[in-house]
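Student: Each residue of the sequence shown is one higher than the last, beginning at 1 in my numbering.
Note that beta-carbon positions come from the ideal geometry of N, C-alpha and C, so glycine has one too.
Below is one structure. I have some questions about it.
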Amino acid sequence: MNGNLTTFISSVIYGIPSVALYITTCIVIIKNNKLFDSSFYQIFMFDGFMNIFTYIMGLVFMRLTSITCYNCLMAPIFRHIGNFLPLTFMGTMAYHMAYVQYALTTLVSLNRLTVLFKYNIFEPIWKKITWLFILVAYFVPFLNTHIIFQNKFTIDYLNESDSYTLQTPNMPFIEIYNVLIPFMCICMAISILSNTTSVIFLRNLNIQRKKAETNFLLIMSITCLVQLIGTIISIALLKCNYCSMLSYLTMVLPFVSDGLSLVQPWLLICFSKTMRKEILILFGIKPKATILQVRSLTN
Numbered sequence: 001m002n003g004n005l006t007t008f009i010s011s012v013i014y015g016i017p018s019v020a021l022y023i024t025t026c027i028v029i030i031k032n033n034k035l036f037d038s039s040f041y042q043i044f045m046f047d048g049f050m051n052i053f054t055y056i057m058g059l060v061f062m063r064l065t066s067i068t069c070y071n072c073l074m075a076p077i078f079r080h081i082g083n084f085l086p087l088t089f090m091g092t093m094a095y096h097m098a099y100v101q102y103a104l105t106t107l108v109s110l111n112r113l114t115v116l117f118k119y120n121i122f123e124p125i126w127k128k129i130t131w132l133f134i135l136v137a138y139f140v141p142f143l144n145t146h147i148i149f150q151n152k153f154t155i156d157y158l159n160e161s162d163s164y165t166l167q168t169p170n171m172p173f174i175e176i177y178n179v180l181i182p183f184m185c186i187c188m189a190i191s192i193l194s195n196t197t198s199v200i201f202l203r204n205l206n207i208q209r210k211k212a213e214t215n216f217l218l219i220m221s222i223t224c225l226v227q228l229i230g231t232i233i234s235i236a237l238l239k240c241n242y243c244s245m246l247s248y249l250t251m252v253l254p255f256v257s258d259g260l261s262l263v264q265p266w267l268l269i270c271f272s273k274t275m276r277k278e279i280l281i282l283f284g285i286k287p288k289a290t291i292l293q294v295r296s297l298t299n
């Protein structure tokens, strides 16, 4: 129980500021839609909505349930929550959103590469059909995760741990991971290749050379590192059903998922001077100033 409580508190400590920052950056983008008139920011906002949903769902149905005892304040809510929320959908999303997260991360990498290569050609295309890419990234994974819908999820009380858990008796782990892991590996490879090509392309063009190269390298390293860790842990969970590190890997994986969900707004304010300025203006810390249209994270 103490370990679960520590995990929950840790998740809240980094999660709430991250969600607040996500919402703030989206407000800034909407409020200054002419300034942030880029396909990247369209993807960022769609990604933000899905990432916030993923984080909140994990916080409530994985972490909060694990620290709720039979007589705790939240216990009556979890005992009856199935009457108000589609638990089977929530349980499916726990696996489905892994596909979506990796797909959207790869989509951002491809967006940067193509727009950098031919801005005048690819940027208008991205602006027109970004919504279609988002729909594909969300709905196509149902070709695999639909098998989870065949199982009824419930929130049950576990007497041995004095806590609640969202579970189903016949979870098709093998069928899910046999498709999910190759998908994660492919997405990771595409992201690495796309970001590396972007860095090489910037170097050859000598555009804002030092700053742009550093920013893209850092973004590539952070994003791909989180993807790589998530992939390795997922493979380990599939192969080590009875190994001594199983409980540790199970504990770490949600944090990796949170990393993919919540790191984007932090990267944005780190690498976008314009976003930092607009956030300060939004809160009245800095006076309004005229800024040119933003086309990349390096501005």
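Does the segment 193-203 come close enough to the segment 104-115 that 3 or more CB-CB pairs lie under 8 Å?
Tutor: yes
Student: To the nearest angstrom, report how far apart I125 and T106 are at their CA atoms.
Tutor: Looking at the two C-alpha atoms, the distance is approximately 17 Å.
Student: Hey, Y102 and M184 are a contact pair by Cβ (cut 8 Å); roughly how many whole angstroms apart?
Tutor: 5 Å
Student: Just how far apart, CA to CA, sit I279 and L5?
Tutor: 33 Å
Student: Since Y99 is in the beta strand (DSSP E), which residue starts that stretch and which ends it?
Tutor: Per DSSP, Y99 belongs to no beta strand (DSSP E); it is in the alpha helix (DSSP H), 87-117.
Student: Please list the terminal residues of the continuous beta strand (DSSP E) segment that includes S163.
Tutor: 163-167
Student: Could you check the C-alpha separation between I16 and Y55 for me, to the nearest Å?
Tutor: Using only the alpha carbons, I get a separation of about 10 Å.
Student: To the nearest angstrom, report how far apart T88 and T274 are at their CA atoms.
Tutor: If I take the Cα positions, the gap works out to 42 Å.
Student: Under three-state DSSP, which class holds D37?
Tutor: coil
Student: Tell me the DSSP bridge mates of D258?
Tutor: None; D258 has no bridge partner.
Student: Give the secondary structure of T250 by DSSP, where H, G and I count as helix, E and B as strand, and everything else as coil.
Tutor: Looking at T250 - three-state DSSP - the assignment turns out to be helix.
Student: Within its chain, find whatever has a CB closer than 8 Å to the CB of I29; leave out the 5 residues flanking it on each side and keep chain order.
Tutor: F36, Y41, F44, M45
Student: Flag this pair as touching only if the segment 120-134 and the segment 59-77 have three or more C-beta atom pairs under 8 Å; answer yes or no.
Tutor: no
Student: For I27, which residues of its own chain have a beta-carbon under 8 Å away from its beta-carbon, when the five flanking residues on both sides are left out?
Tutor: Non-local beta-carbon contacts of I27 in its own chain, meaning distances under 8 Å to residues more than five positions away in sequence, involve L282 in chain order.
Student: Would you give the residue range spanned by the beta strand (DSSP E) that L302 belongs to?
Tutor: Here the chain comprises residues numbered 1 to 299, so residue 302 is not present and cannot be evaluated.
Student: Look up L73 in the DSSP assignment and say whether it is helix, strand or coil.
Tutor: coil
Student: Rounded C-beta distance between I219 and F271? I'm assuming under 8 Å.
Tutor: Right, the Cβ-Cβ distance comes to about 7 Å (below 8 Å), so this counts as a contact.
Student: Between I200 and G3, what straight-line distance do the alpha-carbon atoms span, to the nearest angstrom?
Tutor: 45 Å
Student: Using beta-carbon positions only, say whether L59 and S10 come within less than 8 Å of one another.
Tutor: Contact check for L59 against S10 fails: the beta carbons are separated by 8 Å or more.
Student: Please report the distance separating the alpha-carbon of R209 from that of L202.
Tutor: Because the pLDDT of R209 is 48, which lies under 50, any placement of that residue in the model is unreliable, and the question is left without a value.
Student: Report yes if the C-beta distance between V252 and I233 is below 8 Å; otherwise report no.
Tutor: yes
Student: In this structure, does DSSP put T154 in helix, strand or coil?
Tutor: Three-state DSSP puts T154 in a strand.
Student: Are A137 and V179 touching if we call contact CB-CB under 8 Å?
Tutor: no
Student: Of the residues I285, Y248, T165, C187, which one's Cα is nearest the Cα of V226?
Tutor: Among I285, Y248, T165, C187, the Cα nearest to that of V226 is on C187.
Student: Among G284, F8, L268, Y164, which has the Cα closest to the Cα of I23?
Tutor: L268
Student: Going by C-alpha distance, which of I52, I13, L249 is nearest P265?
Tutor: I52
Student: Can you check whether the CB of T165 is closer than 8 Å to the CB of I155?
Tutor: yes
Student: From T7, D162, L116, pick the residue whose C-alpha is nearest to that of C72; which is it?
Tutor: D162
Student: When we look at the beta-carbon of G284 and count the other beta-carbons within 10 Å, is it buried (16 or more) or exposed?
Tutor: Note on G284: under 16 other CB atoms within 10 angstroms of its CB, so exposed under the neighbour-count rule.
Student: Rounding to the nearest angstrom, what Cα-Cα distance links I134 and H96 in this structure?
Tutor: Distance from the CA atom of I134 to the CA atom of H96, rounded to whole angstroms, is 14 Å.
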